[in-house]
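Mapping of the sequence shown onto this note's numbering: position 202 corresponds to residue 249, and the numbering continues sequentially without gaps. All residues carry an ideal CB built from backbone N, CA and C; glycine is no exception. Read through the structure below, which is laid out as structure tokens, and then see the notes.
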Amino acid sequence: GIIVDLVVVNAVGSNLAFVSKKVNIVDFKKNRVLFGFFRLYFYLRDVRPKSLLSVMDHANVIAILANILAGNHTRVIASIRVHLSGMRSGKMRFKDKIVFLLSKYLYRKAAAIVAVSQSVADDVIKLFDLPARRVDYIYNPVLTDDFFSLAKQKPDHVWLKETNKYPLILAVGRLEERQKNFTLLIKAFAVLNQFISARLMIIGEGSARGDLEELVANLGLAGKVSLLGYTDNPYAFMRNCSLFVSSSNFEGLPGVLVEALALSPRIVATDCPGGTREILGNGSYGRLVKVGDVDGLAAAMLDSLRSDQNRCDDDFLLRFRPETVVKKYLLVLDAD
């Protein structure tokens, strides 16, 4: 019952096929968000939508600023997708510093701020000294019907046929070390292999592939570690692995961990800034390990493989279902 415009900088990519025909795509045909600023200004000035949900820090800054210049007729809701303090703990690019400085002022001009987890919301309130009443959190609608259908498929991979002999440890994510820290996981896996013979599979692609392949070779793990690359259906691997591991330095709401919670028999994760602890029920549904602790991660993986894990019930998973999430977003978008 709501008229929806999907406003994008450049309408390209495989995900375009998944957009509903009921949604009107507004394509700025630009290469970068910054270059779409004036197009967004004219859109907000002329169309005057009731609400605009912007996503990611640089887009939030552009959206709020464009709305101010267009007369402030639209309620801009800024969505925060990652734990900002965790992200800032590493080396920041110059443009990230600029976005952060602008955010400290412009986020106060947003109609509302929605974070993807309570941890991220608390961090935003503290970081920008915002009133708590103006910041809320809504989990991502990760667990769709399509997700469960895909998970029922059985991937044809030899390691999945040998899990009784060689436990299969699985990780999924972009091969980007600043956030995902697969170096930690591979080093912990090397320690684990001193006690049991297992296999490690990492699904995902990214700029760190070369460095990770070199690490695997240097640790003598060739044949035991597979950097599988991108796959359309990682969920089937999650459902059939022996253990799922997240080794991140920081997160927002790690979708793969939500998916693993619904599918995987056991979970180990670093207790990093972001929504990890919330997803795992403060450690009730998976083991939490100190960030960067190689031996601690190895010990937790070994202990998990040797024991059973408490499984969460369907009621706990409802918070990540679309029917729950959409109701909360409608309340924010349709507020007066």
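Are Ala157 and Ala125 touching if we call contact CB-CB under 7 Å? As a working mapping, residue 157 is identified with position 110 in the sequence shown. As a working mapping, residue 125 is identified with position 78 in the sequence shown. The answer is yes: Cβ separation under 7 Å.
Could you pull the start and end residues of the beta strand (DSSP E) that Gly276 belongs to? Translated into the one-based positions of the sequence shown, residue 276 becomes position 229. Per DSSP, Gly276 belongs to the beta strand (DSSP E) from Val272 to Gly276.
Considering only DSSP beta bridges, list what Met139 is partnered with. Translated into positions along the sequence shown, residue 139 becomes position 92. Met139 pairs with nothing; no bridge assigned.
Cut-off 7 Å between Cβ atoms - residues of its own chain near Val338, not counting five sequence neighbours on either side: Here residue 338 corresponds to residue number 291 of the sequence shown, with the count starting at 1. Closer than 7 Å at Cβ, skipping near neighbours: Asn296, Thr317, Asp318 and Cys319.
Taking DSSP's pairing of strands, which residues face Thr317 in a bridge? Numbered from 1 along the sequence shown, position 270 holds the residue referred to as residue 317. DSSP output for Thr317 lists Val336 as bridge partner(s).
At what residues does the beta strand (DSSP E) containing Leu53 begin and finish? On the sequence shown, residue 53 is found 6 positions in, with the first residue counted as 1. From DSSP, the beta strand (DSSP E) with Leu53 extends over Asp52 to Val55.
Beta strand (DSSP E) segment containing Val161, residue limits: Sequence index remark: in the sequence shown, residue 161 carries index 114 (1-based). First-last of the beta strand (DSSP E) with Val161: Ala159 to Ala162.
Please list the terminal residues of the continuous alpha helix (DSSP H) segment that includes Arg368. Position 321 of the sequence shown, counted from the first residue, corresponds to residue 368. That residue, Arg368, is in no alpha helix (DSSP H); it is neither H nor E in DSSP.
Leaving out five residues before and five after Val315 in sequence, what residues of the same chain have Cβ atoms less than 6 Å from its Cβ? The residue you call residue 315 lines up with position 268 of the sequence shown. Around Val315: Val292, Arg334, Ala347, Met348 and Ser351.
With distances taken between CB atoms, is the gap from Val219 to Pro281 smaller than 7 Å? Taking the sequence shown and counting its residues from 1, one reaches residue 219 at position 172. Taking the sequence shown and counting its residues from 1, one reaches residue 281 at position 234. Their beta carbons are under 7 Å apart, which means Val219 touches Pro281 by this criterion.
Quick one: is Asp170 buried, meaning 16 or more other Cβ sit within 10 Å of its Cβ, or exposed? Within the sequence shown, numbered from 1, the residue matching residue 170 stands at position 123. Per the 10 Å Cβ criterion, buried.
Looking only at its chain, what residues have a beta carbon closer than 6 Å to the beta carbon of Trp206, apart from the 5 residues adjacent to it on each side? Indexing the sequence shown from 1 puts residue 206 at position 159. Here the set comprises Leu215 and Arg246.
Nearest-angstrom Cα distance between Phe195 and Arg155? Reading the sequence shown from its first residue, position 148 is the one you call residue 195. Reading the sequence shown from its first residue, position 108 is the one you call residue 155. So the alpha carbons of these two residues sit roughly 39 Å apart.
Residue ranges of each alpha helix (DSSP H) within the segment 192-227, 4 or longer: 192-198 and 224-227
Neighbourhood of Ile172 by C-beta, 7 Å cutoff - its chain only, sequence neighbours within 5 removed: Counting from 1 along the sequence shown, the entry for residue 172 is found at position 125. The answer, listed in chain order, is Ala179 and Val182.
Residue from Ile49, Val263 and Leu222 whose Cα sits closest to the Cα of Arg256: Residue numbering aside, residue 256 sits at position 209 when the sequence shown is read from its first letter. Here the closest residue by C-alpha is Leu222.
To which residues of the same chain is Val167 closer than 6 Å at the C-beta, ignoring the five residues directly before and after it? Position 120 of the sequence shown, counted from the start, is the residue given in the question as residue 167. Excluding positions up to five away in sequence, the list reads Ile127, His130 and Gly299.
Can we say the segment 259-276 touches the segment 132-150, given the rule of at least three CB pairs closer than 8 Å? no
In the DSSP assignment, what residue or residues form a beta bridge with Met248? Residue mapping note: residue 248 aligns to position 201 of the sequence shown, counting from 1. Paired residues: Leu217 and Ser273.
Considering only the beta carbon of each residue, do Phe229 and Leu190 sit closer than 7 Å? Mapped onto the sequence shown, residue 229 falls at position 182. Mapped onto the sequence shown, residue 190 falls at position 143. In this structure, Leu190 does not lie closer than 7 Å to Phe229 by Cβ.
Leu327 (DSSP reduced to helix, strand or coil): Locating residue 327 in the sequence shown gives position 280, where the first residue counts as 1. Looking at Leu327 - three-state DSSP - the assignment turns out to be coil, as it is neither helix nor strand.
Residues bridged to Ala125 (per DSSP): If you number the sequence shown from 1, residue 125 lands on position 78. Per DSSP, Ser101 and Ile160.
So, using beta-carbon positions, are Leu99 and Val123 closer together than 7 Å? Locating residue 99 in the sequence shown gives position 52, where the first residue counts as 1. Locating residue 123 in the sequence shown gives position 76, where the first residue counts as 1. Yes, these two residues count as a Cβ contact at 7 Å.
Applying the 10 Å Cβ sphere with the 16-neighbour rule, what's the burial state of Tyr186? The residue you call residue 186 lines up with position 139 of the sequence shown. Tyr186 should be labelled buried.
From Leu177 to Leu153, what distance separates their C-alpha atoms? The residue labelled residue 177 in the question sits at position 130 within the sequence shown. The residue labelled residue 153 in the question sits at position 106 within the sequence shown. Cα to Cα, the separation comes out at about 11 Å.
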